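Novice: I'd like to ask you about the structure that follows.
Protein chains: 4
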Amino acid sequence: MAIVDITVIPVGTGTPSVSEYVAEIQRVFHKYEGRVKYQLTPMSTLIEGDIPLLLEVVQEIHEVPFQKGIKRVCTNIRIDDRRDKENTMERKLQSVQDKL
Amino acid sequence: MAIVDITVIPVGTGTPSVSEYVAEIQRVFHKYEGRVKYQLTPMSTLIEGDIPLLLEVVQEIHEVPFQKGIKRVCTNIRIDDRRDKENTMERKLQSVQDKL
Amino acid sequence: MAIVDITVIPVGTGTPSVSEYVAEIQRVFHKYEGRVKYQLTPMSTLIEGDIPLLLEVVQEIHEVPFQKGIKRVCTNIRIDDRRDKENTMERKLQSVQDKL
Amino acid sequence: MAIVDITVIPVGTGTPSVSEYVAEIQRVFHKYEGRVKYQLTPMSTLIEGDIPLLLEVVQEIHEVPFQKGIKRVCTNIRIDDRRDKENTMERKLQSVQDKL
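Protein chains in written order, with numbering that gives the first Met the number 0: chain A, 0 to 99; chain B, 0 to 99; chain C, 0 to 99; chain D, 0 to 99.
Right, here's the structure in full:
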């Protein structure tokens with residue numbers, strides 16, 4: 000199980016606000032309901048699932064600003080993939096809190 | 000006002016678990032209580048404040064694994080700095096939710 | 000045409016050196032000879048091509064440390080995707096140098 | 000000795016091209032001539048030196064688009080800091096090539 004942390008920056012918007020693109024991206028997840036878990040943070044969107052499916056979601060999210068007429072998109076992705084034990088968003092937070 | 004999203008990876012730990020380092024990093028924030036706002040997510044730590052202070056915190060966090068004997072650290076930082084209006088973690092989330 | 004900038008960090012190696020994994024990753028590209036252009040920098044590997052193929056390569060590269068027995072891998076990816084004009088590694092560098 | 004890999008994205012430019020900002024950033028390095036080593040790649044700028052100085056350079060580079068009237072800047076930084084042996088850009092590349 001892996002967690003992907005993704006942020007998509009539309010370039011050439013003409014305005015500093017990008018929240019309309021981020022909102023549109025959240026709608027992509029309705030399509031994947033029940034197949035991936037996701038969470039919006041103030042800096043990115045976190046997605047939990049298996050790598051092949053997560054990369055499919057990444058590709059779809061990356062396309063969103065293009066569909067809205069943007070000509071350049073810079074996407075940044077962090078993958079945390081652990082295979083010796085269950086690697087969920089909930090468990091990772093718990094593991095840190097247990098040590099505080 | 001800027002937001003920094005930071006993740007610190009100790010290299011050469013001998014074990015896949017890194018939560019003890021993440022917990023230690025959370026303790027750094029006690030020192031900055033009231034000067035920076037911070038939030039732990041399953042993938043990183045978010046910090047809100049002015050850039051010079053945030054980079055001071057970044058440097059201190061980056062040192063944590065070295066203090067625990069690690070010889071190599073890979074740190075990844077995203078900065079979101081907006082100067083035409085108040086750019087807080089709370090406001091960014093709200094701005095997306097208003098558009099859903 | 001897009002450019003992907005990828006760095007793969009094996010976690011739990013027991014040693015700070017990771018060059019054997021980076022070397023193994025370079026071998027993955029032999030398989031994609033003629034289909035993607037790639038370049039090794041001191042900090043990452045750059046790959047040029049179309050997004051679906053690049054994400055296929057990303058997935059394969061990300062698997063390399065697992066094949067060598069590592070249990071956790073942290074991969075970081077930046078995608079620069081521009082669709083109003085040809086976006087190649089060579090052209091990007093040239094475009095900056097023209098302005099110096 | 001550490002290596003920093005930095006990319007600065009101006010948000011709200013009105014055009015997909017950002018090379019004028021990247022060119023301006025290269026000029027910042029003239030000021031640090033002899034104190035940091037740097038290298039432009041098609042995806043980012045690499046800087047080699049000690050962490051406190053590198054973070055000073057990071058802050059200065061991050062300011063460049065604001066000085067040109069941009070209201071929001073997204074900066075992405077990777078730090079690779081190794082303290083058991085000399086960690087230079089040249090040596091890292093050599094270490095991979097020796098294993099090919």
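Backbone N, C-alpha and C define an ideal beta-carbon position, used for all residues, glycine too. Fair warning: this is a prediction, and the values are worked out from it, not measured in the lab.
Determine the closest residue to C/Glu19 out of C/Gly48, C/Gly68 and C/Asp97, with distance taken between C-alpha atoms.
Specialist: Taking the first residue of the third sequence as position 1, residue 19 of chain C is located at position 20. If we check each option's Cα against that of C/Glu19, C/Gly68 comes out closest.
Novice: Can you name the residues of chain D whose CB is closer than 9 Å to the CB of A/Ile8?
Specialist: Within the first sequence, numbered from 1, the residue matching residue 8 of chain A stands at position 9. Ile8, Val10 and Cys73, listed in chain order.
Novice: Rounding to the nearest angstrom, what Cα-Cα distance links C/Arg34 and A/Gln58 in this structure?
Specialist: Numbered from 1 along the third sequence, position 35 holds the residue referred to as residue 34 of chain C. Numbered from 1 along the first sequence, position 59 holds the residue referred to as residue 58 of chain A. The alpha-carbon atoms of C/Arg34 and A/Gln58 are separated by roughly 19 Å.
Novice: Pick helix, strand or coil for A/Glu47, following the three-state DSSP scheme.
Specialist: As a first step, residue 47 of chain A is located in the first sequence; it is residue number 48 there, counting from the start. Three-state DSSP puts A/Glu47 in a strand.
Novice: Report the three-state DSSP secondary structure of C/Arg34 (helix, strand or coil).
Specialist: Numbered from 1 along the third sequence, position 35 holds the residue referred to as residue 34 of chain C. If DSSP states are grouped into helix, strand and coil, C/Arg34 belongs with coil.
Novice: I'd like to confirm the pairing. Which residues does DSSP put opposite C/Ala22 in its beta bridges?
Specialist: Locating residue 22 of chain C in the third sequence gives position 23, counting from the first residue. Bridge partners of C/Ala22: none, in fact.
Novice: Mind pulling the chain A residues with CB within less than 7 Å of B/Lys91?
Specialist: Counting from 1 along the second sequence, the entry for residue 91 of chain B is found at position 92. What B/Lys91 touches in chain A: Pro41.
Novice: Which one or two residues does DSSP pair with A/Val72 in a beta bridge?
Specialist: Within the first sequence, the letter at position 73 stands for residue 72 of chain A. For A/Val72, which the question treats as bridged, DSSP gives the partners A/Pro9 and C/Asp80.
Novice: Going by DSSP in three states, D/Leu92 sits in which element: helix, strand or coil?
Specialist: What you label residue 92 of chain D is simply residue 93 of the fourth sequence in a count that begins at 1. Reduced to three states, the DSSP call for D/Leu92 is helix.
Novice: For a test of the three-state rule: what should DSSP assign to D/Leu99, helix, strand or coil?
Specialist: As a working mapping, residue 99 of chain D is identified with position 100 in the fourth sequence. Note: D/Leu99 maps to coil in three-state DSSP.
Novice: Smallest Cα separation from B/Ile5: which of B/Thr12, B/Asp79 and B/Lys70?
Specialist: Looking up residue 5 of chain B in the second sequence gives position 6. For the residues B/Thr12, B/Asp79 and B/Lys70, the minimum Cα distance to B/Ile5 belongs to B/Asp79.
Novice: Using the beta-carbon count (16 or more within 10 Å), is C/Pro9 buried or exposed?
Specialist: Taking the first residue of the third sequence as position 1, residue 9 of chain C is located at position 10. When all chains shown are included, C/Pro9 counts as buried.
Novice: Using 8 Å as the threshold, is the region 72-86 of chain C in touch with the region 49-65 of chain D, meaning 3 or more CB pairs across them?
Specialist: Contact between the region 72-86 of chain C and the region 49-65 of chain D is absent, because fewer than three Cβ pairs lie under 8 Å.
Novice: Hey, is B/Leu54's beta-carbon within less than 9 Å of any beta-carbon in chain A?
Specialist: Taking the second sequence and counting its residues from 1, one reaches residue 54 of chain B at position 55. B/Leu54 does not count as touching chain A.
Novice: From B/Ala22 to D/Thr14, what does the alpha carbon distance come to, in whole angstroms?
Specialist: Walking along the second sequence from the start, residue 22 of chain B turns up at place 23. Walking along the fourth sequence from the start, residue 14 of chain D turns up at place 15. Going by the C-alpha atoms only, they are around 43 Å apart.
Novice: Using the Cβ count rule (16 or more neighbours within 10 Å means buried), how would you classify D/Leu54?
Specialist: Locating residue 54 of chain D in the fourth sequence gives position 55, counting from the first residue. D/Leu54 comes out buried.
Novice: Which residues, taken in chain order from the region 12-23 of chain B, show a beta carbon closer than 7 Å to some beta carbon of chain C?
Specialist: Listed in sequence order: Thr12, Gly13, Thr14, Pro15 and Val17.
Novice: Determine the chain B residues that contact C/Lys70 at a beta-carbon separation under 7 Å, and present them in chain order.
Specialist: For the purposes of this step, residue 70 of chain C is taken as residue 71 along the third sequence, with counting starting at 1. Going along chain B in sequence order, the residues near C/Lys70 (Cβ under 7 Å) are Pro15.
Novice: Can you give the Cα-Cα distance for A/Leu39 and B/Leu92, rounded to whole angstroms?
Specialist: Here the question's residue 39 of chain A lines up with position 40 in the first sequence. Here the question's residue 92 of chain B lines up with position 93 in the second sequence. Each residue's Cα considered, the two are about 8 Å apart.
Novice: Looking only at its own chain, which residues have a Cβ that is under 8 Å from the Cβ of D/Val27, when we skip the five neighbours before and after it?
Specialist: Here the question's residue 27 of chain D lines up with position 28 in the fourth sequence. Around D/Val27: Val56, Glu59, Ile60 and Val63.
Novice: Under 9 Å, do A/Lys70 and A/Gly11 count as touching if we go by C-beta distance?
Specialist: The sequence position of residue 70 of chain A within the first sequence is 71, counting from 1. The sequence position of residue 11 of chain A within the first sequence is 12, counting from 1. Yes, these two residues count as a Cβ contact at 9 Å.
Novice: Below 7 Å CB to CB, which residues in the same chain sit around C/Tyr37 once its five sequence neighbours on both sides are set aside?
Specialist: As a working mapping, residue 37 of chain C is identified with position 38 in the third sequence. So the list reads Phe28, Thr44, Leu45 and Ile46, once near-sequence residues are dropped.
Novice: Secondary structure at C/Val27, three-state DSSP: helix, strand or coil?
Specialist: Looking up residue 27 of chain C in the third sequence gives position 28. Residue state, collapsed to three classes: helix.
Novice: In angstroms, rounded to a whole number, what distance separates the CA positions of A/Thr74 and C/Gln25?
Specialist: Against the first sequence, residue 74 of chain A aligns to sequence position 75. Against the third sequence, residue 25 of chain C aligns to sequence position 26. Spanning the two alpha carbons is a distance of roughly 23 Å.
Novice: Give every residue of the same chain whose Cβ lies closer than 7 Å to the Cβ of B/Tyr31, excluding the five residues on either side of it in the sequence, and list them in chain order.
Specialist: Here residue 31 of chain B corresponds to residue number 32 of the second sequence, with the count starting at 1. Excluding residues within five positions, the ones whose Cβ falls inside 7 Å are Val56.
Novice: Using a Cβ-Cβ cut-off of less than 7 Å, give me the residues of the region 23-37 of chain D that come near chain C, in sequence order.
Specialist: Within the region 23-37 of chain D, the qualifying residues are Gln25.
Novice: Is the distance from the Cβ of B/Met42 to the Cβ of A/Arg77 below 9 Å?
Specialist: The residue you call residue 42 of chain B lines up with position 43 of the second sequence. The residue you call residue 77 of chain A lines up with position 78 of the first sequence. Cβ atoms of B/Met42 and A/Arg77: closer than 9 Å.
Novice: Shortest alpha-carbon distance to C/Val95 belongs to which of D/Glu85, D/Ala1, D/Gln96 and D/Ser16?
Specialist: Position 96 of the third sequence, counted from the start, is the residue given in the question as residue 95 of chain C. Measuring from the Cα of C/Val95, the nearest candidate turns out to be D/Ser16.
Novice: When DSSP labels each residue in this structure, what does D/Val3 get in the three-state scheme?
Specialist: As a position in the fourth sequence, residue 3 of chain D is number 4, starting the count at 1. Residue state, collapsed to three classes: strand.
Novice: Leaving out five residues on either side along the sequence, give the residues of the same chain with a beta carbon under 8 Å from the beta carbon of D/Ala1.
Specialist: Taking the fourth sequence and counting its residues from 1, the one referred to as residue 1 of chain D is at position 2. Cβ within range, chain order: Glu47, Gly48, Asp49, Ile50, Leu53, Ile78, Asp79, Asp80, Arg81 and Asn86.
Novice: List, in order along the chain, the chain D residues whose C-beta lies closer than 8 Å to that of B/Asp83?
Specialist: As a first step, residue 83 of chain B must be located in the second sequence, where it is residue number 84. Simply Lys70 and Arg71.
Novice: To the nearest angstrom, report how far apart B/Val3 and D/Arg90 are at their CA atoms.
Specialist: The residue given as residue 3 of chain B occupies position 4 in the second sequence. The residue given as residue 90 of chain D occupies position 91 in the fourth sequence. About 30 Å.
Novice: Cβ of B/Gln58 less than 9 Å from any chain D Cβ?
Specialist: Position 59 of the second sequence, counted from the first residue, corresponds to residue 58 of chain B. Taking Cβ atoms only, chain D reaches closer than 9 Å to B/Gln58, which makes this a yes.
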